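Participant: What follows is a single structure, and I will ask about it in a moment.
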Amino acid sequence: MAAVFTDANFDNEVLQSENLSVVDFWAPWCGPCIALGPTIDALSKEYEGKVNVGKVNVDENPNLSVNYGVTSIPCVLFIKNGQVVDKQVGAAPRSTFEKKIQQHLG
Numbered sequence: 001m002a003a004v005f006t007d008a009n010f011d012n013e014v015l016q017s018e019n020l021s022v023v024d025f026w027a028p029w030c031g032p033c034i035a036l037g038p039t040i041d042a043l044s045k046e047y048e049g050k051v052n053v054g055k056v057n058v059d060e061n062p063n064l065s066v067n068y069g070v071t072s073i074p075c076v077l078f079i080k081n082g083q084v085v086d087k088q089v090g091a092a093p094r095s096t097f098e099k100k101i102q103q104h105l106g
């Protein structure tokens, strides 16, 4: 399962991590977000130990949504060294996310 990122742990788990982080901004009432969930979970297993893959519930963590300008969900941010290096707005096939991860690994 993907990690759960919150206002409380985001700095430590994502911004201070040496690994690339893939952060899925979602909400339980969002159909496309629910559809994307299994892809995010699969990526978390596939890249375990190499990439931090997690989810931010926008209803429970509004500060993160505001800080990162997330206005529509699902929105997946790719964060490396504390900076957003890529993003994907809307649901997309797993291959789209894998391509972006590969571009920013290493």
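Read left to right, the sequence shown gives residues 1 to 106 (this note's numbering). All C-beta atoms, glycine included, are put in the ideal place defined by N, C-alpha and C. Since this is a predicted model, take the numbers as computed values, not measurements.
#1: What are the start and end residues of the beta strand (DSSP E) that includes residue 73?
#2: Measuring only the C-alpha atoms, how far is residue 28 from residue 14?
#3: Report yes or no: do three or more beta-carbon pairs, one from the stretch 33-42 and one from the stretch 5-13, lie closer than 8 angstroms?
#4: Let me check understanding here. Comparing Cα to Cα, which of 16, 94, 71 lies closest to residue 26?
#5: What residue ranges within the stretch 19-82 form continuous alpha helix (DSSP H) runs of no fewer than 4 residues, ordered along the chain?
#6: Within the continuous alpha helix (DSSP H) that includes residue 97, where are the two ends?
#7: Using the Cα positions of residue 81 and residue 1, report the straight-line distance between them to the nearest angstrom.
#8: Just to confirm before moving on: does the CB-CB distance between residue 43 and residue 85 stay below 9 angstroms?
#9: Go ahead and pull the three-state DSSP assignment for residue 11.
#10: Do residue 73 and residue 22 have their CB atoms nearer than 9 angstroms?
Facilitator: Once the coordinates are examined:
#1: Where residue 73 is concerned, there is no enclosing beta strand (DSSP E), given that its DSSP letter is neither H nor E.
#2: 22 angstroms
#3: no
#4: 71
#5: 31-46, 62-67
#6: 94-104
#7: 23 angstroms
#8: no
#9: helix
#10: no
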